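**Student:** Mind looking over this structure? Questions follow.
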Amino acid sequence: MNDVLRKVLAFFSDDGEFSPANINGLVGWYDASDVSTITESSNLVSAMGDKSGNLNDLSQLVGANQPLTNQGTQNGRNFIRFDGLSKNLSRSTFTNGTISQPHWVFMAIDTANTVTATRNFIDSANATNRATVYQVTSSRTLGMYVTQSLNSHVMPAEGTWVIISAKFDGANSEQYLNGASGGAGDPGTSDFIGLTLGARYDEAQSPDFDFGELIIAEGDQSGNRLEIESYLTERWGIV
Numbered sequence: 002m003n004d005v006l007r008k009v010l011a012f013f014s015d016d017g018e019f020s021p022a023n024i025n026g027l028v029g030w031y032d033a034s035d036v037s038t039i040t041e042s043s044n045l046v047s048a049m050g051d052k053s054g055n056l057n058d059l060s061q062l063v064g065a066n067q068p069l070t071n072q073g074t075q076n077g078r079n080f081i082r083f084d085g086l087s088k089n090l091s092r093s094t095f096t097n098g099t100i101s102q103p104h105w106v107f108m109a110i111d112t113a114n115t116v117t118a119t120r121n122f123i124d125s126a127n128a129t130n131r132a133t134v135y136q137v138t139s140s141r142t143l144g145m146y147v148t149q150s151l152n153s154h155v156m157p158a159e160g161t162w163v164i165i166s167a168k169f170d171g172a173n174s175e176q177y178l179n180g181a182s183g184g185a186g187d188p189g190t191s192d193f194i195g196l197t198l199g200a201r202y203d204e205a206q207s208p209d210f211d212f213g214e215l216i217i218a219e220g221d222q223s224g225n226r227l228e229i230e231s232y233l234t235e236r237w238g239i240v
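Residue numbers for the sequence shown, in the numbering used here: 2 to 240.
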């Protein structure tokens with residue numbers, strides 16, 4: 002078996018289906034459609050399990066800040082709703098420690114409602130070691146942030162499901178919207194520590210959006226990007 006074929010087959014499970022679990026460097030995998038990973042009471046989500054096997058589970062103990070599940074489906078799959086009112090799930094560290102650049106983030110989400118502020122889909126868990134994907138909702142600009150902003154695309158109208166891919170790699174950082182590059186730039190070079198889903202690290206700047214799936218991986222995933230994006234596109238019915 003040649004190296005190219007071995008690399009391709011490594012992404013597929015025994016039944017021939019692509020699986021994020023086989024991504025080399027996988028840090029975290031969060032899938033709202035897998036309700037077995039969601040801990041909820043009266044639809045309020047207090048925890049979400051990490052499917053990567055790395056035990057990077059997310060939680061929210063404050064009831065008023067818990068997002069909602071069982072609010073509808075996208076392409077027949079359950080999503081989690083964040084209503085823009087400090088709803089978030091987080092963890093302070095990753096089980097294997099700090100994530101150095103390069104690292105990648107892949108997401109399937111419904112775009113944020115229009116309000117006049119920056120809203121963070123994901124962030125780190127502290128003010129120093131950032132890895133943020135955000136939307137400037139007044140202009141609907143998609144961006145990423147470590148120590149400075151790197152803006153790329155104009156997001157489609159609210160209620161539109163999209164795939165966002167972000168490579169954090171210093172001056173070689175790049176963001177993709179539904180597979181299209183927004184150009185390279187430099188948002189900064191800090192490491193990535195902990196995760197906040199649905200808000201900034203301090204629970205501010207929460208977007209009003211629906212969350213489907215999030216994959217975080219260390220290392221250069223450039224050669225795997227199209228496969229991961231195709232997986233998310235098919236699962237969540239992105240057109």
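For each residue, glycine too, the CB sits at the ideal point set by N, CA and C.
As the structure is a computational prediction, the values presented were derived from the model and not from experiment.
In three-state DSSP terms, what is Ala185?
**Tutor:** Here residue 185 refers to the residue found at position 184 when the sequence shown is read from its first residue. Of the three classes helix, strand and coil, the one that applies to Ala185 here is strand, per DSSP.
**Student:** Return the first residue and the last residue of the beta strand (DSSP E) that Glu204 is part of.
**Tutor:** The residue labelled residue 204 in the question sits at position 203 within the sequence shown. Segment: none, Glu204 is in no beta strand (DSSP E) and carries neither H nor E.
**Student:** For the alpha helix (DSSP H) that contains Thr234, what are its first and last residues?
**Tutor:** The count along the sequence shown starts at 1 and reaches residue 234 at position 233. Here the alpha helix (DSSP H) through Thr234 covers Arg226 to Trp237.
**Student:** Secondary structure at Phe19, three-state DSSP: helix, strand or coil?
**Tutor:** Against the sequence shown, residue 19 aligns to sequence position 18. Phe19 falls in the strand class under three-state DSSP.
**Student:** Within the continuous beta strand (DSSP E) that includes Gly77, where are the two ends?
**Tutor:** Taking the sequence shown and counting its residues from 1, one reaches residue 77 at position 76. Neither: Gly77 is in no beta strand (DSSP E) and is coded neither H nor E.
**Student:** Taking only runs of the beta strand (DSSP E) that begin and end inside the segment 93-152, which ones reach a length of at least 3 residues, in chain order?
**Tutor:** Correct list: 104-111, 119-124, 133-137 and 142-146.
**Student:** For Met156, report the span of its beta strand (DSSP E) as first-last.
**Tutor:** The residue labelled residue 156 in the question sits at position 155 within the sequence shown. It is not in any beta strand (DSSP E) - Met156 carries neither H nor E in the DSSP assignment.
**Student:** For Leu215, collect the residues of the same chain with a Cβ closer than 6 Å to its Cβ; drop the 5 residues on either side in sequence, then sort them by chain order.
**Tutor:** Locating residue 215 in the sequence shown gives position 214, counting from the first residue. Excluding residues within five positions, the ones whose Cβ falls inside 6 Å are Tyr31 and Met108.
**Student:** For the candidate residues Gly144, Ala218 and Gly73, whose alpha-carbon lies nearest to that of Asn244?
**Tutor:** The question about residue 244 has no answer, for the chain in this structure spans 2 to 240.
**Student:** So the candidates are Gly220, Leu227, Gly171 and Thr190; which of them puts its Cα closest to the Cα of Ile164?
**Tutor:** As a first step, residue 164 must be located in the sequence shown, where it is residue number 163. Nearest option by C-alpha distance: Leu227.
**Student:** Would DSSP call Leu218 helix, strand or coil?
**Tutor:** The residue given as residue 218 occupies position 217 in the sequence shown. Just to set this straight, residue 218 is Ala in the shown sequence, not Leu. In this structure, Ala218 counts as strand in the three-state DSSP scheme.
**Student:** Using 8 Å as the Cβ pair cut-off and three pairs as the minimum, do the segment 194-213 and the segment 85-99 touch?
**Tutor:** Contact between the segment 194-213 and the segment 85-99 is established, with three or more Cβ pairs separated by less than 8 Å.
**Student:** With a Cβ-Cβ cutoff of 7 Å, do Pro68 and Arg78 count as a contact?
**Tutor:** Mapped onto the sequence shown, residue 68 falls at position 67. Mapped onto the sequence shown, residue 78 falls at position 77. Not in contact: Pro68 and Arg78 (Cβ atoms no closer than 7 Å).
**Student:** Considering only residues of the segment 23-76, which uninterrupted beta strand (DSSP E) runs meet the minimum length of 3 residues and lie entirely inside it, listed in chain order?
**Tutor:** 27-32, 39-42 and 45-49
**Student:** Quick one: residues in its chain with C-beta nearer than 6 Å to the C-beta of Asp84, no 5 flanking neighbours on either side, listed in chain order?
**Tutor:** Start at 1 with the first residue of the sequence shown, and residue 84 comes out as number 83. Cβ neighbours of Asp84 beyond the five flanking positions: Asp209.
**Student:** If we call anything under 7 Å between Cβ atoms a contact, is Asn57 one with Gly29?
**Tutor:** Along the sequence shown, one-based indexing puts residue 57 at 56. Along the sequence shown, one-based indexing puts residue 29 at 28. With respect to the 7 Å criterion, Asn57 and Gly29 are classified as neighbours on the basis of their beta carbons.
**Student:** What whole-angstrom Cβ distance do Gly171 and Thr148 have, given they're in contact under 8 Å?
**Tutor:** Within the sequence shown, residue 171 is the residue found at index 170, counting from 1. Within the sequence shown, residue 148 is the residue found at index 147, counting from 1. Actually they do not touch by this definition, with Cβ atoms about 10 Å apart.
**Student:** Whose C-beta lies closer than 6 Å to the C-beta of Thr99 among residues of the same chain, with five residues either side of it excluded?
**Tutor:** Reading the sequence shown from its first residue, position 98 is the one you call residue 99. Its chain contains Asp192 and Ile194 as the residues whose beta carbon lies nearer than 6 Å to that of Thr99, once the 5 sequence neighbours on both sides are disregarded; these appear in chain order.
**Student:** If I'm right that Ala113 touches Tyr202 with Cβ under 8 Å, what's the distance once you round it to whole angstroms?
**Tutor:** Taking the sequence shown and counting its residues from 1, one reaches residue 113 at position 112. Taking the sequence shown and counting its residues from 1, one reaches residue 202 at position 201. That pair is no contact at about 18 Å.
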